[in-house]
Amino acid sequence: MDVAVFWVLAVLAVAGAVMVFRFDSMARATFSLLASLLCVGGLVVLLGLDYLGIVIVLMMTIEMAIMAVFMVMYMMNPAGLMPMTMIHNKKGAAVVCGLVFALLAAGILLAPWPARRGKAPADPTMELGMSLMGPQMLTMMTLGMALFATIVATVVLATRRGRYDRFGDDLRARRADDPVRGGVGR
Amino acid sequence: MTLELFLLLAAALFCVGLFGALTQQSIVMLMMGLELMLGGVILAAAAAWHYIAPAASEGQVLIVVAVTAMALEMAIGFAVVTALFRSREIDMTDMAAELKE
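Line order of the protein sequences matches chains F and C.
Under the working numbering, the first residue of the first sequence carries the number 4, and numbering increases by one thereafter.
Under the working numbering, the first residue of the second sequence carries the number 404, and numbering increases by one thereafter.
Written out as structure tokens, the structure is:
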């Protein structure tokens with residue numbers, strides 16, 4: 004049973020991945036990517052990591068929904084009503100990717116992989132939580148800081164009016180030049 | 404199912420993603436390629452945890468790191484596209500490369 008599930012998910016994952024770059028429609032490409040990543044989540048569940056697999060499935064669903072919105076906002080051809088190719092250097096990239104895959108496959112097949120050591124814990128989720136809140140706390144805190152830095156960076160990048168608009172080119176304006184007055188003491 | 408099968412699948416996903424990241428001109432499509440590459444990394448990490456060291460929780464932590472990297476890449480990517488589009492009305496890598504000239 005597991006073997007059948009593996010092969011179905013594996014074929015769907017690779018097919019979805021390939022179709023991402025073959026569909027004309029941006030929306031279809033997004034959902035093809037979603038299908039591929041959902042299969043990855045399913046395979047992670049198959050490997051015994053239920054919690055992480057479900058996290059991947061949930062995260063990808065939301066992420067691709069957001070991606071579809073951005074697609075429609077920015078791209079010229081969201082519905083795929085006309086064929087389009089927006090690619091460069093297809094041959095070179097294909098050669099590079101073929102070489103990388105051959106290299107990886109050779110490594111995978113030739114490497115003397117160590118035998119399975121130890122037994123999976125009865126509850127891997129519990130183990131992960133204890134690890135993140137215990138010996139791996141530094142990892143968790145680093146991830147937290149990285150996420151916070153990302154929030155700040157995305158707001159700074161995406162905002163229309165930066166500090167130079169508000170405080171002048173030399174940043175010396177006493178009062179911020181805001182279209183709507185308000186805030187503390189302004 | 405063996406470790407090698409899972410790793411080959413992960414390598415296939417990684418290489419398809421790499422192809423997309425190298426060829427696509429649209430920045431959003433390029434990010435899809437990066438997502439696929441990270442998907443391959445996640446799958447490889449999960450397979451390594453299951454087949455080599457299931458008792459070690461560090462393998463699971465590695466997957467958490469990879470998933471977080473995926474989310475950060477997406478958020479920053481969209482912010483950069485928004486900033487580029489707002490200032491120059493472009494959404495393609497080649498046009499962005501011309502900016503420096």
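Every residue, glycine too, gets a C-beta built ideally from N, C-alpha and C.
Check, Outcome
"Cβ of Ala-32(F) within 8 Å of any chain C Cβ", "yes"
"The segment 13-26 of chain F contacting the segment 427-445 of chain C, beta-carbon criterion three pairs below 8 Å", "yes"
"For Val-21(F), the first and last residue of its enclosing alpha helix (DSSP H)", "5-23"
"Per-residue DSSP class, three states only, for Gln-139(F)", "coil"
"Chain C within 8 Å of Ala-96(F), Cβ atoms only", "yes"
"Min CB distance Val-444(C) to chain F below 8 Å", "no"
"Buried or exposed by the 16-neighbour rule on C-beta atoms within 10 Å, applied to Phe-151(F)", "exposed"
"Counterpart residues of Ile-90(F) in DSSP-defined beta bridges", "Gln-427(C)"
"CA-to-CA distance, Met-74(F) to Val-8(F), given in whole angstroms", "32 Å"
"Met-498(C) to Phe-409(C) span [Cα, whole Å]", "38 Å"
"Which of helix, strand or coil DSSP assigns to Met-495(C)", "strand"
"Beta carbon of Val-43(F) nearer than 8 Å to that of Ala-16(F)", "yes"
"Simplified DSSP assignment, three categories, for Gly-117(F)", "The sequence given here places Pro at residue 117(F); Gly does not occur at that position. Of the three classes helix, strand and coil, the one that applies to Pro-117(F) here is coil, per DSSP."
"Alpha helix (DSSP H) segment containing Ser-35(F), residue limits", "29-49"
"For Ala-13(F) and Ala-456(C), the rounded distance between their alpha carbons", "23 Å"
"Burial state of Met-473(C) (16 or more Cβ within 10 Å)", "buried"
"Ile-65(F), buried or exposed, once every other Cβ within 10 Å from all chains shown has been counted against 16", "exposed"
"Contact check, Val-464(C) vs Gln-139(F), beta carbons under 8 Å", "yes"
"Contacts around Met-63(F), its chain only, beta-carbon distance under 7 Å, and the 5 residues preceding and following it disregarded", "Leu-37, Leu-40, Leu-41, Gly-44"
"Reduced DSSP secondary structure (H/G/I, E/B, other) of Ala-447(C)", "helix"
"Within-8 Å CB hit, Leu-411(C) to chain F", "yes"
"Under 8 Å from the C-beta of Ala-450(C): neighbouring residues of chain F", "Leu-50"
"Enclosing alpha helix (DSSP H) for Leu-55(F) [first to last residue]", "53-77"
"Minimum C-alpha distance to Tyr-454(C) - residue among Phe-170(F), Arg-119(F), Met-148(F)", "Arg-119(F)"
"Element boundaries [alpha helix (DSSP H), containing Arg-166(F)]", "166-170"
"Val-158(F) versus Ala-478(C): straight-line alpha-carbon distance, rounded", "10 Å"
"Neighbouring residues, chain F, relative to Leu-433(C) (Cβ below 7 Å)", "Result: empty, since nearest Cβ-Cβ is about 10 Å, beyond 7 Å."
"Inter-stretch contact at 8 Å, needing at least 3 Cβ pairs: the segment 408-428 of chain C / the segment 100-112 of chain F", "yes"
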